[in-house]
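Residue numbering for the sequence shown is 24 to 194, as defined by our numbering.
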Amino acid sequence: MTEPHWRHARAGDLVAISAIAARIHPELPERPEVLSEKMRLYPDGCRVLATGDEIAGYGLAHPWMQQHVPPLDSFLIRLPEAADCLYVHDIAVLPGFRGGLARAYVAEIEGLARASEITTIALVSVYGTRAMWQRLGFQPAAADAALRDKLSSYGAGATYMLRAIPPRDRR
Ligand SMILES: CC(C)(COP(=O)(O)OP(=O)(O)OC[C@H]1O[C@@H](n2cnc3c(N)ncnc32)[C@H](O)[C@@H]1OP(=O)(O)O)[C@@H](O)C(=O)NCCC(=O)NCCS
Numbered sequence: 024m025t026e027p028h029w030r031h032a033r034a035g036d037l038v039a040i041s042a043i044a045a046r047i048h049p050e051l052p053e054r055p056e057v058l059s060e061k062m063r064l065y066p067d068g069c070r071v072l073a074t075g076d077e078i079a080g081y082g083l084a085h086p087w088m089q090q091h092v093p094p095l096d097s098f099l100i101r102l103p104e105a106a107d108c109l110y111v112h113d114i115a116v117l118p119g120f121r122g123g124l125a126r127a128y129v130a131e132i133e134g135l136a137r138a139s140e141i142t143t144i145a146l147v148s149v150y151g152t153r154a155m156w157q158r159l160g161f162q163p164a165a166a167d168a169a170l171r172d173k174l175s176s177y178g179a180g181a182t183y184m185l186r187a188i189p190p191r192d193r194r
């Protein structure tokens, strides 16, 4: 079997991405067309974990505005012109393949951010993944009432987190 590795997602990967999303996130369902819109709007941020002919995970990210989170299962319509962060919408890896893969995906997104002169990565931690994201350099960020309201669609315990890319790394 080919060593699992992140590669850019292609339109034909949508079926596998949707199947993994439905399996890993049964309580946070999103329509395939909502996921494919992200792949169309910002293909650079959309990766799949390739293991030979199989797909064992995906990561979806796109430029966005800090303190704003897109509601789940909703279309972005368009990307902001003055984006100030790359927003990691989701990362999911099938259980048998985990280990080092969130770290590897975040490294790829950091590279994208630097290339786009974006200095912050944002995400919403769910399922008690806060400690894992902290391990990867993210910190919980204060959320105003509007953001707290949006976070409620992500389930109890959802936490908005930011990771600043250190200046020495921005090249
Ligand atoms: C999230 C997910 C993709 C992580 O994949 P992974 O390959 O296990 O991630 P990594 O091994 O790169 O973990 C990143 C770091 O966090 C650490 N970590 C993992 N779980 C942790 C935990 N519960 N507490 C603290 N640290 C943790 C890892 O040891 C690693 O640190 P290291 O590189 O210094 O050893 C995978 O667990 C998954 O698909 N979960 C279900 C979906 C999900 O929760 N997605 C995130 C939604 S916000």
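Glycine residues also receive a C-beta, built at the ideal position from the N, C-alpha and C atoms.
Item: Which of helix, strand or coil DSSP assigns to ALA136; Value: helix
Item: Outcome for PHE120 when other beta-carbon atoms lying within 10 angstroms are tallied against a minimum of 16; Value: exposed
Item: Supposed close pair GLY80, LEU117 - CB separation, criterion 8 Å; Value: 6 Å
Item: 8 Å contact criterion, which ALA168 and LEU185 should meet: CB distance rounded; Value: Not quite, the Cβ-Cβ distance comes to about 18 Å (not below 8 Å), so this is no contact.
Item: Beta carbon of VAL195 nearer than 8 Å to that of ARG30; Value: Since the first residue of the chain shown is 24 and the last is 194, residue 195 is not available in this structure.
Item: CA-to-CA distance, GLY134 to TYR128, given in whole angstroms; Value: 10 Å
Item: First and last residue of the uninterrupted alpha helix (DSSP H) at ALA44; Value: 37–47
Item: Three CB pairs or more closer than 8 Å across the region 99–115 and the region 57–74; Value: yes
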